[in-house]
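These notes concern the structure reproduced below.
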Amino acid sequence: MAAERLFNRPVCVQVRCQGCEERRLNVRVNIELLSVSNPVHKKDLAVRLTDDTDPFFLYNLVISEEDFQSLKSQQGLLVDFSAFPQKFIDLLQQCIQEQNKDVPRFLLQLVSSASLLDHTPVSLNVVETNPFKHLTHLSLKFLPGNDAEIKKFLASCLKCLKEDKTMLEEKLRRTEEDLSRQLSYTQQSLSEKSRELDKLKNEWTSYTTALTNKHTQDLTNEKERALQAQAQYQQQHEQQKKELENLHQKSIQQLQNRLSELEVINKDLTERRYKGDSTVRELKAKLSGLEDECQRAKQEVLSLRRENTTLDAECHEKEKLINQLQTRVAVLEQEIKDKDQLVIRTKEVLDATQEQKAILEESTEKKQSHIEKLETTIKSLSAELLKANEIIKKLQGDLKTLMSKLKLKNTVTIQQEKLLAEKEERLQKEQRELQETGQSLRMKEQEVCKLQEQLETTIQKLEESKQLLKTNENVITWLNKQLNEIQMAKKVEASASTHGGVRTAVPPHGVPDRPSFPSSGISHPISPLYAFQNFPEPAHNKNVTLQCPVPKAGTLTFLFVTQLSKMNWCSDGQTVTASAHPANKENGDNLGLESKYFKKKDDSIPLRGLSQNTLNPEYLKPTLSTKAQPSPKAAVTPASAYFPG
Numbered sequence: 033m034a035a036e037r038l039f040n041r042p043v044c045v046q047v048r049c050q051g052c053e054e055r056r057l058n059v060r061v062n063i064e065l066l067s068v069s070n071p072v073h074k075k076d077l078a079v080r081l082t083d084d085t086d087p088f089f090l091y092n093l094v095i096s097e098e099d100f101q102s103l104k105s106q107q108g109l110l111v112d113f114s115a116f117p118q119k120f121i122d123l124l125q126q127c128i129q130e131q132n133k134d135v136p137r138f139l140l141q142l143v144s145s146a147s148l149l150d151h152t153p154v155s156l157n158v159v160e161t162n163p164f165k166h167l168t169h170l171s172l173k174f175l176p177g178n179d180a181e182i183k184k185f186l187a188s189c190l191k192c193l194k195e196d197k198t199m200l201e202e203k204l205r206r207t208e209e210d211l212s213r214q215l216s217y218t219q220q221s222l223s224e225k226s227r228e229l230d231k232l233k234n235e236w237t238s239y240t241t242a243l244t245n246k247h248t249q250d251l252t253n254e255k256e257r258a259l260q261a262q263a264q265y266q267q268q269h270e271q272q273k274k275e276l277e278n279l280h281q282k283s284i285q286q287l288q289n290r291l292s293e294l295e296v297i298n299k300d301l302t303e304r305r306y307k308g309d310s311t312v313r314e315l316k317a318k319l320s321g322l323e324d325e326c327q328r329a330k331q332e333v334l335s336l337r338r339e340n341t342t343l344d345a346e347c348h349e350k351e352k353l354i355n356q357l358q359t360r361v362a363v364l365e366q367e368i369k370d371k372d373q374l375v376i377r378t379k380e381v382l383d384a385t386q387e388q389k390a391i392l393e394e395s396t397e398k399k400q401s402h403i404e405k406l407e408t409t410i411k412s413l414s415a416e417l418l419k420a421n422e423i424i425k426k427l428q429g430d431l432k433t434l435m436s437k438l439k440l441k442n443t444v445t446i447q448q449e450k451l452l453a454e455k456e457e458r459l460q461k462e463q464r465e466l467q468e469t470g471q472s473l474r475m476k477e478q479e480v481c482k483l484q485e486q487l488e489t490t491i492q493k494l495e496e497s498k499q500l501l502k503t504n505e506n507v508i509t510w511l512n513k514q515l516n517e518i519q520m521a522k523k524v525e526a527s528a529s530t531h532g533g534v535r536t537a538v539p540p541h542g543v544p545d546r547p548s549f550p551s552s553g554i555s556h557p558i559s560p561l562y563a564f565q566n567f568p569e570p571a572h573n574k575n576v577t578l579q580c581p582v583p584k585a586g587t588l589t590f591l592f593v594t595q596l597s598k599m600n601w602c603s604d605g606q607t608v609t610a611s612a613h614p615a616n617k618e619n620g621d622n623l624g625l626e627s628k629y630f631k632k633k634d635d636s637i638p639l640r641g642l643s644q645n646t647l648n649p650e651y652l653k654p655t656l657s658t659k660a661q662p663s664p665k666a667a668v669t670p671a672s673a674y675f676p677g
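Under the numbering used here, residue 677 is the last one in the sequence shown; the count climbs by one each step, no gaps.
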């Protein structure tokens, strides 16, 4: 038997009970498709209503293909059994979309004929509201779950909770191990980096002092060199000035020579211009000849157009052939469209299955999001540590390159110290966040332990209540037996009085089975219940009333034997009537008890009365002299067990 889950989401439901106000309730709707292959392949649709806050809230509905046909005819449905689950899920999703609005268009109503939702059948209605009336699209009747179904449902919920707990514990353990490893690694790397920084600071201070001394000496030496160079540069400047003046005079002479050459070139260009004008006149004459040739070409174009009209007629005939071919193409395209529609329908079925898969993936993504958050914090820690390493490497490079820039070096070192302080503050914040996450995880583990303890206590209470029910049923059956025996004794007494006398009958061994005492007001045979009574001495003028004080278990048989000995040896001379009557639970009156105690129960244990051997003189003799021992076949032990003290 395979079960395919189609829908499992909480839905807001409007509850209507008889004589009660309407209220809203969040109910989890679970829809499953059950497929049975043995002996015949069948598919059933199982719908279950549960409440996450109330574990005993359970309503079930199983729709087979035969049941769906009757439901389809009753409510006028236009959908087959295969498409019914998806349509039902679409209606539920519309109700979920509209449930947060003030005036929802689609509603889910849970209607009960009783005043409370207490193990009574319920109908679930999907209602569409409009200004004119309320339209019920679908109405399904649900049956309440019995004890076995509720136990099975609670067991499945407990199993799911345990599986989730084990998964979370494993994930927690792994994350804790990873975080502890990364923390130890980061702390070690931080300690190493801080040591390296201290070493670099000490080296840098010593190096800067040495550089300042060197630079002061270099400055004095360079000042002396600069004075010497200044004198040399002045001498060189005067020499260069004289050389430049000579060069300037030479360049003036060259420019004058160039001017004379350009004037000669200008004369040549004017002569060329006059020659160009004469060539333009010649080209205009040629253009007029070309225009005549153009008119001749136009006449040739008109003749070509006439030929084109004849070619158009031939083209029209060919277009007719093309139209015929296009009609054939259209027919083929229609067939292709029909096949495309079949493909689209199959894609819709695939989309429905993918939506179900997406719902399952959402639940897994929510669980993984929490893990990803923890991983992002770890990645941020590692990224910041890498940045710190890069900054330290840059500092080492800057120390080598910034030997000549002492003033800028001071500002850079101050900024680096600020950055290091900020990094340390960030590391401390992240360590605090790690501690807070650990505390929250411990709190969740404590809550899980409390829930397990509550479950164990509820299971123990259930077992105790079962034991109490069993003991109560045994007591009731035993009392029914005793009362039935008393009623049978009354009937025997009535039959004996109608026959006009008291019949005497002696059982085997010469001992009466159950003695009767007409002189004391008890003419019917005594039942085992009289073993628990304190009988008075026989008197002729006193009527005995039936009272059942229950003595202790140790003295029951002793009292019974002594009362029998007194009754056998009384001076009345009355004979003892013996009667053997069967124990029938269903005969007789109620005798002051309610009718529910006289119902026949299949699992009850029948209790028989005392046997004939209990009244045998062989058993009576030793009991009078010593402490009374209980009879091996007597039915006194149940009373001592159920009525202590």
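Every residue gets a Cβ at the ideal spot worked out from N, C-alpha and C, and that includes glycine. Predicted, not measured: the structure shown is a model, and the values here were computed from it.
Of all the CB atoms in chain B, is at least one closer than 8 angstroms to the CB of residue i?
i      : result
GLN272 : Going by chain labels, chain B is absent from the structure shown, which holds only one protein chain.
How would you call residue i, buried or exposed, if buried means at least 16 neighbouring beta carbons within 10 angstroms?
i      : result
PHE120 : buried
VAL154 : buried
TYR91  : buried
VAL61  : buried
MET475 : exposed
LYS255 : exposed
MET520 : buried
ARG80  : buried
LEU140 : buried
LEU466 : buried
PRO42  : exposed
THR252 : exposed
VAL361 : exposed
Under three-state DSSP, which class holds residue i?
i      : result
ASP84  : coil
ASN506 : helix
PHE185 : helix
ALA263 : helix
ASP31  : Outside the shown range of the chain (33 to 677) lies residue 31, about which nothing can therefore be said.
ASN245 : helix
LYS165 : coil
LEU382 : helix
LEU434 : coil
ASN178 : coil
VAL154 : strand
ASN62  : strand
SER283 : helix
VAL361 : helix
VAL333 : helix
GLU36  : strand
CYS44  : strand
VAL312 : helix
GLU98  : helix
SER69  : coil
VAL159 : strand
LYS133 : coil
LYS274 : helix
LYS225 : helix
What are the boundary residues of the beta strand (DSSP E) that residue i is part of?
i      : result
GLU53  : No beta strand (DSSP E) holds GLU53; DSSP gives it neither H nor E.
ASN92  : 90-95
VAL143 : 138-144
ask   = Mind pulling the alpha helix (DSSP H) runs of 4 or more residues that sit fully within the segment 101-130?
value = The segment 101-130 contains these whole alpha helix (DSSP H) runs: 116-130.
ask   = Does the count of Cβ pairs from the segment 194-201 and the segment 450-458 closer than 8 angstroms reach three?
value = no
ask   = Per the contact definition of three or more C-beta pairs closer than 8 angstroms, is the segment 168-178 in contact with the segment 125-137?
value = no
key: the segment 218-226 / the segment 414-428 touching (three or more Cβ pairs under 8 angstroms)   = yes
task = Take every Cβ of the segment 231-241, pair it with every Cβ of the segment 506-524, and state whether three or more of those distances are shorter than 8 angstroms.
result = no
query = Is it true that the segment 199-219 meets the segment 112-126, where meeting means three or more beta-carbon pairs spaced less than 8 angstroms apart?
reply = Contact between the segment 199-219 and the segment 112-126 is absent, because fewer than three Cβ pairs lie under 8 angstroms.
ask   = Residue ranges of each alpha helix (DSSP H) run of no fewer than 4 residues wholly in the segment 373-431, ordered along the chain?
value = none
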